[in-house]
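Student: So for the sequence shown, our numbering puts the first residue at 33; every next one is plus one. Ideal Cβ placement from N, Cα and C applies to all residues, glycine included. After the structure tokens below, expect a handful of questions from me.
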Amino acid sequence: MTFREAIATSERPLIGMWCGSASPLVAEICAGSGMDWLLIDGEHAPNDLSTIMAQLHAVAAYPVTPVVRVPVNDAAIIKQVLDLGAQNLVVPMVSTVEEAQAAAAAVRYPPGGVRGVAAALARSGRWGRAENYLADADTHVSLMVQVETMAGVEAAAQIAAVDGVDGVYVGPSDLAASMGLLGQQTHPDVTAAVLATFDAVRGQGKAAGVNAFDPTAARRYLDAGATFITVGADVTLLARGSEDLATRFR
33 MTFREAIATS ERPLIGMWCG SASPLVAEIC AGSGMDWLLI DGEHAPNDLS TIMAQLHAVA
93 AYPVTPVVRV PVNDAAIIKQ VLDLGAQNLV VPMVSTVEEA QAAAAAVRYP PGGVRGVAAA
153 LARSGRWGRA ENYLADADTH VSLMVQVETM AGVEAAAQIA AVDGVDGVYV GPSDLAASMG
213 LLGQQTHPDV TAAVLATFDA VRGQGKAAGV NAFDPTAARR YLDAGATFIT VGADVTLLAR
273 GSEDLATRFR
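Dropping the structure here:
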């Protein structure tokens, strides 16, 4: 099931977490947690193609939807990640209609896009075993673009309207930085920009999501109609948990 299908068939928001450790073992632990989806991060985490594929293998046995964030909006990188068998992508730092169109083209084969054709050689097409994969490839892939700047907020409706974009995922950390509020993800102005993006995206009939590790902010965004959300990360859980142990027992 693609992330697009998971969203469409769910009666509640989908709750997820980040996998930033680049560890298949940790990804598997997270996959069995009861989370709806996992974001395997290729932008800021120490992931490469091999570690992304290993994590896709590790979580495949669990009822969780893996989503891969590519490091950059680049057709060659997107092609490689799709060929690994990733069905669900987040493309970061999309601030214009043109950037959204480029991402949508990168996940589609010609004539609708520019994705390179090698299904017989790739895990995505099961090495030629997936019947009609080339003809049906669009149904196997979902695309979320990440709005992380005020320019993206202002263009959110137009970005969401791009054919091939299934949803918009707001990144408050970089958004705050673009607003001159570095490190202040829960500042009222940042929160207001996130909510404005939700309204613009939902107005186009698309899914609206957000990253919110602060529990109060997460609840506010869920109450405001977030369709999907990430509420934590493997590495931060380990960092805070180990600090708590040290504080209590040293």
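For the candidate residues Phe281, Asn120, Val226, whose alpha-carbon lies nearest to that of Leu71?
Tutor: Within the sequence shown, numbered from 1, the residue matching residue 71 stands at position 39. Closest by alpha carbon: Asn120.
Student: For Leu175, which residues does DSSP report across the bridge?
Tutor: Position 143 of the sequence shown holds residue 175. Answer by DSSP bridge pairing, in chain order: Leu121.
Student: According to DSSP, is Arg140 part of a helix, a strand, or is it coil?
Tutor: Numbered from 1 along the sequence shown, position 108 holds the residue referred to as residue 140. Coil.
Student: Please name the residue, chosen from Val146, Leu166, Asn79, that lies closest to Asp106 on a Cα-to-Cα basis.
Tutor: Looking up residue 106 in the sequence shown gives position 74. Minimum Cα distance to Asp106 is reached at Val146.
Student: Determine the closest residue to Val102 out of Val139, Tyr165, Ser42, Gly264, with distance taken between C-alpha atoms.
Tutor: To locate residue 102, count along the sequence shown from 1; it is residue 70. The shortest C-alpha separation from Val102 is found at Val139.
Student: Residues bridged to Glu49 by DSSP?
Tutor: Translated into the one-based positions of the sequence shown, residue 49 becomes position 17. Correcting the residue type first, residue 49 is Met in the shown sequence and not Glu. Paired residue(s): Leu70.
Student: Kindly indicate which three-state DSSP category Phe260 falls into: helix, strand or coil?
Tutor: The count along the sequence shown starts at 1 and reaches residue 260 at position 228. Strand at Phe260.
Student: In this structure, does DSSP put Ala40 in helix, strand or coil?
Tutor: Sequence index remark: in the sequence shown, residue 40 carries index 8 (1-based). Of the three classes helix, strand and coil, the one that applies to Ala40 here is helix, per DSSP.
Student: In the segment 187-267, which residue ranges form an unbroken alpha helix (DSSP H) of at least 4 residues, counting only runs that do not cross its ends?
Tutor: Here the runs fully enclosed are 188-192, 204-210, 220-234, 247-255.
Student: Is the distance from the Cβ of Gly257 to the Cβ of Ile39 below 9 angstroms?
Tutor: Counting from 1 along the sequence shown, the entry for residue 257 is found at position 225. Counting from 1 along the sequence shown, the entry for residue 39 is found at position 7. No; because the gap between Cβ atoms is not below 9 angstroms, this pair is not in contact.
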